[in-house]
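The structure appears right after this line, and notes come after that.
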Amino acid sequence: MAIIIDGKSVSADLREQLKLKVDSLKEKGITPGLAVVLIGDDPASRSYVTAKEKSCGELGMYSRDIRMPADSSEEELLDLIGKLNEDKDIDGILVQLPLPSHMDENKVILGIDPSKDVDGFHPVSVGKMVLEQETFLPCTPHGILKLLEYCDIKPEGKKVVIVGRSNIVGKPLANLMIQKQSWGNATVTVCHTRTPDLKKETLDADILIAAAGQPEMISGDMVKPGAVVIDVGVNRVPDDTRKRGYRLTGDVMFEEAEKVASYITPVPGGVGPMTITMLLFNTIQSAQNRK
Ligand code: GUN
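Counting in this note's numbering, the sequence shown tops out at residue 1133, every number present.
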């Protein structure tokens, strides 16, 4: 049976350290501030931004939550971002994705001042990351690297297989894990919907990272015995036996995979808390950079 990687407890540890940083900044009159912008009322997005704001509060940081109706125009959003770029109380700007379909995600991200881009989504941030220059790293990939480090799992020399090629997880994570850094030096394969034989690829993985957003698509027989399994999926699956009417499930069939893997992250309580922790990390870093 696999060791279950407890993302909540690793997060709690890291957040304790971050709290000390916030305390010392506040002694100097600096309170790190995060603006969280949510357009529309997608239930999953709403629960993510609520969690982000709550976590800011717990560390004594300032958070400003801005909700805009789903039919807001792109221009209104860009105006808001322009004001937040100039706002001295704001060190980080997070625009929750996905945006309503009438907005151009690229254009909106381009509007954020890279010095406040705590998501690490701006082309300037992405470019610096690829070139291994100092920048804000995207929160989910960064959180995964921290989890591995915490469990003393070294990617160097390992075969890493990432399932999913999103801008938020798959692409940046693949890039980070090939870097000539302590968190990198892995041999990385990225699989996607056009990969002809997915199982053949995943069975090769020493570290298997599922980030496709497909509930339980990775079964136990797709995992190499002894592999490390990182499940990035957060899927709401209808379930009448639950009060909420749904349950959360990852991209991995947990019960099957935990019998085969050496380490595995649960959903919830694995990667999710780490994403928020790295967002707090970036926002505090931004406040330090600014003052
Ligand atoms: N949607 C899903 N994950 C993320 C994230 O890390 N940041 C933002 N802004 N939107 C998301």
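Heads up, the beta-carbon is just placed ideally off N, CA and C, and yes, glycines get one too.
Just so we're clear, the structure is a prediction, and the values are computed from it rather than from any experiment.
Worksheet item: Going by the C-beta, is Cys981 closer than 7 angstroms to any heavy atom of the ligand GUN?
Response: yes
Worksheet item: Quick one: is Met843 buried, meaning 16 or more other Cβ sit within 10 Å of its Cβ, or exposed?
Response: exposed
Worksheet entry | Where the alpha helix (DSSP H) containing Pro965 begins and where it ends | 965-972
Worksheet item: Would you say the beta carbon of Leu989 comes nearer than 7 angstroms to a heavy atom of the ligand GUN?
Response: no
Item to complete: Kindly give me the distance between the Cβ atoms of Cys981 and Asp961, rounded to whole angstroms, as I take these residues to be in contact under 8 angstroms.
Response: 7 angstroms
Discussion item. Using 8 angstroms as the threshold, is the C-beta distance between Val1079 and Val1071 below it?
Written reply: no
Worksheet item: Within the present structure, is the beta-carbon of Val937 separated from the nearest heavy atom of the ligand GUN by less than 7 angstroms?
Response: yes
Fill in: Contacts around Ile1010, its chain only, beta-carbon distance under 8 angstroms, and the 5 residues preceding and following it disregarded
Leu939, Phe963, Pro980, Thr982
Worksheet item: Are there 16 or more other CB atoms within 10 angstroms of the CB of Asp865, so buried, or fewer, so exposed?
Response: exposed
Worksheet item: So what does DSSP say about Ser1128, is it helix, strand or coil?
Response: helix
Worksheet entry | Close Cβ partners of Gly902 (< 6 angstroms) along its chain, the five nearest in sequence each way excluded | Val864
Worksheet item: beta strand (DSSP E) containing Ser943: first to last residue?
Response: Looking at the DSSP string, Ser943 is not in any beta strand (DSSP E), and its letter there is neither H nor E.
Item to complete: May I have the straight-line CA-CA distance separating Lys861 from Gly871, to the nearest angstrom?
Response: 15 angstroms
Practice prompt. List the endpoints of the continuous alpha helix (DSSP H) containing Leu901.
Written response: Neither: Leu901 is in no alpha helix (DSSP H) and is coded neither H nor E.
Worksheet item: According to DSSP, is Lys863 helix, strand or coil?
Response: helix
Discussion item. According to DSSP, simplified to helix, strand and coil, what is Val1102?
Written reply: coil
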